[in-house]
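Counting in the numbering used here, the sequence shown runs from 1204 upward without gaps.
For glycine and all other residues, C-beta sits at the position ideal for the given N, C-alpha and C.
Computed from a predicted model, the values in this text were never measured in an experiment.
Below you'll find the structure, written out as structure tokens, and then a few comments.
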Amino acid sequence: MTVCIENAQHPLIIDSGEHCSIVARNYLYHHFPNWEKQLLPRKEKSFKSASGKMKSIGTIMKEIIISHRKGNIRLNTEFVVLEDAHIQGILLGPDYQRMYGIDIYNSKNRHITIGKRKEKKLSLDIYQISTHEPLEKLLNEFREGQFSTTLTSKQKLSLLKMLRKNRPAFALVKNH
1204 MTVCIENAQH PLIIDSGEHC SIVARNYLYH HFPNWEKQLL PRKEKSFKSA
1254 SGKMKSIGTI MKEIIISHRK GNIRLNTEFV VLEDAHIQGI LLGPDYQRMY
1304 GIDIYNSKNR HITIGKRKEK KLSLDIYQIS THEPLEKLLN EFREGQFSTT
1354 LTSKQKLSLL KMLRKNRPAF ALVKNH
């Protein structure tokens, strides 16, 4: 699922397997230039996960914004920063799933709900919050652009995502 953190889109993985919410140092380095100034100490230096032992270098607080048709959902979340994790995005563990009442339903119509009170829970369709977009959809969005024939599909997709993320920086010609 895609969420907004500090005015940018980021992938969020909802994981019930870890005991806390985590983010990789490498991900912070690439997406949050001043993250080290926000790093808080953590007593436990080692971290056990399904893939083995990892080194924790501290914690960081981030406000996650989940877009919903009835209004944005804001989650203030503390993430354990792992030195050697290979996660592309941020991982919301069961600690904050319990705190905010997030439930995952794997029925015919897969969805998640957010909220502690049953009558106030907001539902999000899994397909509505999917982060996977076909290359053709992105290419259509920038159809007037010319791309080098030497670029691979993966390189084009990466470039297109960067262009979309920074779209406000470009002048657009409107056809009337």
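Are the beta-carbon atoms of Met1257 and Asn1279 separated by less than 8 Å? For this step, residue 1257 is matched to residue 54 along the sequence shown. For this step, residue 1279 is matched to residue 76 along the sequence shown. With a cutoff of 8 Å on beta-carbon distance, Met1257 and Asn1279 are scored as not near each other.
Pick out whichever of Asn1229, Glu1247 and Gln1212 has its Cα sitting closest to the Cα of Glu1239. Along the sequence shown, read from residue 1 onward, the residue named residue 1239 stands at position 36. Glu1239 has its Cα closest to that of Asn1229, out of Asn1229, Glu1247 and Gln1212.
Span of the alpha helix (DSSP H) around Arg1228: For the purposes of this step, residue 1228 is taken as residue 25 along the sequence shown, with counting starting at 1. Start and end: Arg1228 to His1234.
Rounded to whole angstroms, what's the CA-CA distance from Lys1364 to Phe1235? Just pull it up for me. Counting from 1 along the sequence shown, the entry for residue 1364 is found at position 161. Counting from 1 along the sequence shown, the entry for residue 1235 is found at position 32. Taking the straight line joining both Cα atoms gives about 17 Å.
Best match in Val1206, Lys1368, Glu1281 and Gly1318 for proximity to Val1226 [C-alpha to C-alpha]: Translated into positions along the sequence shown, residue 1226 becomes position 23. Minimum Cα distance to Val1226 is reached at Glu1281.
Between which two residues does the alpha helix (DSSP H) containing Pro1297 stretch? The residue labelled residue 1297 in the question sits at position 94 within the sequence shown. First-last of the alpha helix (DSSP H) with Pro1297: Pro1297 to Tyr1303.
Candidates Leu1242, Ser1356 and Gly1255, of which the one nearest Ala1288 by Cα: By 1-based counting over the sequence shown, the position of residue 1288 is 85. Selected option, being the one with the closest Cα: Gly1255.
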